[in-house]
């Protein structure tokens, strides 16, 4: 039985969009073999479908825009969080800065126990101490250097006090214990026999932070010189700005923690504080730079 053209033309949209069943397709194709009018109708219909954009053509730009806006919103939130953490790190670093206590007779009390161990007891306002020890020249024992400190954080926030300690828990021979001051004055013998009969011993601060600061300044200067040299090359300029920010962050972190001073009696503590602040500053810079470039492009300046 021959199918009328009206019926076939009702089926052509399904056939053209390839959603008709196999039986319907066979029926339409058999009719098209002998009907030029329906074949032309199908050809025109396919051309019309070809000019209609798929749904994705409209939704993809919108999805891309939403993704970009979400990314920038997330970067803004992260920038706020990291900036807050940076300020908190700077404040905590300064609040925990050791305030070294000058020697007085009641700052520390040293007692030798019957088993040969040396017990060190601290005054109530002492919240921390630094301890160094060195072998004597004949390597028969040790001489110890101790100083005490407290900080605003320990005194007023966590209200911490330091525990008494045993100087030689493994039974080391203790020849002398000195209390060293951080103002450049001579160390004070507080236990044992003086190992410095020709003059008082002075324990000098470490200068390692000064070397790190100098290296960072040199790296920053070199980065700036390269930046000027390759300023016209946008790709090189962008990379050099990010590279220069690394030593710059360290230098700023150093000044936040130590100010103009580079000597320290607690190098590990100060270095950790400086590096922590430097890392947070660098992350803050990268996030701020990304947002700046985005809004600059949005304003049509690039």
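Residue numbers (our numbering): 136 to 437. C-beta: ideal position from N, C-alpha, C; glycine also. Keep in mind that this is a model prediction, so the values were computed, not measured.
Around the beta carbon of residue 257, 16 or more other beta carbons lie within 10 angstroms, which makes this residue buried. According to the DSSP assignment, residue 243 belongs to the beta strand (DSSP E) that extends over 243 to 247. Only residues of its own chain outside the window of five on either side were considered, and among them 271, 278, 310, 311 have a CB closer than 7 Å to the CB of residue 330, listed in chain order. Counting the other CB atoms within 10 Å of its CB gives residue 387 a total of 16 or more, which places it among the buried residues. Remark: fewer than three beta-carbon pairs, one from each stretch, lie closer than 8 Å, so the region 367 to 387 and the region 213 to 225 are not flagged as touching. Sorting 163, 357, 359 by C-alpha distance to the C-alpha of residue 148 places 163 at the top. The DSSP-derived three-state label of residue 346 is helix. Per DSSP, residue 151 is one residue of the alpha helix (DSSP H) stretching across 140 to 151.
Residue pairing by DSSP puts residue 263 in a beta bridge opposite 284. For the pair residue 320 and residue 280, the CB atoms are not nearer than the 8 Å cut-off. For residue 314, the uninterrupted beta strand (DSSP E) run begins and ends at 309 to 314, by DSSP. Annotation for residue 256: the continuous beta strand (DSSP E) segment containing it runs 253 to 257. Straight-line measurement puts the Cα of residue 170 at about 20 Å from the Cα of residue 153.
If you draw a straight line from the Cα of residue 422 to the Cα of residue 428, it is about 10 Å long. Judged by pairs of C-beta atoms under 8 Å, the region 386 to 403 touches the region 411 to 418, as three or more such pairs exist.
Here residue 216 carries a helix assignment [DSSP, helix/strand/coil]. Apart from the 5 residues on each side of it in sequence, residue 315 sits with its Cβ closer than 6 Å to the Cβ of 280, 282, 322, 338 in its chain, given in chain order. Per the DSSP secondary-structure output, residue 300 pairs in a beta bridge with 255. Exclusion of the five residues before and after residue 378 leaves 358 as the residues of its chain whose Cβ lies within less than 6 Å of its Cβ.
Using a C-beta cut-off of 8 Å, the region 286 to 304 makes contact with the region 251 to 266, since at least three inter-stretch Cβ pairs fall below that distance. Rounded to the nearest angstrom, the gap between the Cα atoms of residue 398 and residue 233 is 13 Å. Taken through DSSP and simplified to helix, strand or coil, residue 221 comes out as helix. Checking the DSSP bridge columns, you'll see residue 341 partnered with 399.
Scanning its chain for C-beta atoms nearer than 6 Å, with the 5 sequence neighbours on each side dropped, one finds around residue 326 the residues 245, 312, in chain order. For residue 238, there is no enclosing alpha helix (DSSP H), as DSSP gives it neither H nor E. Note that the C-beta distance between residue 408 and residue 228 is below 8 Å.
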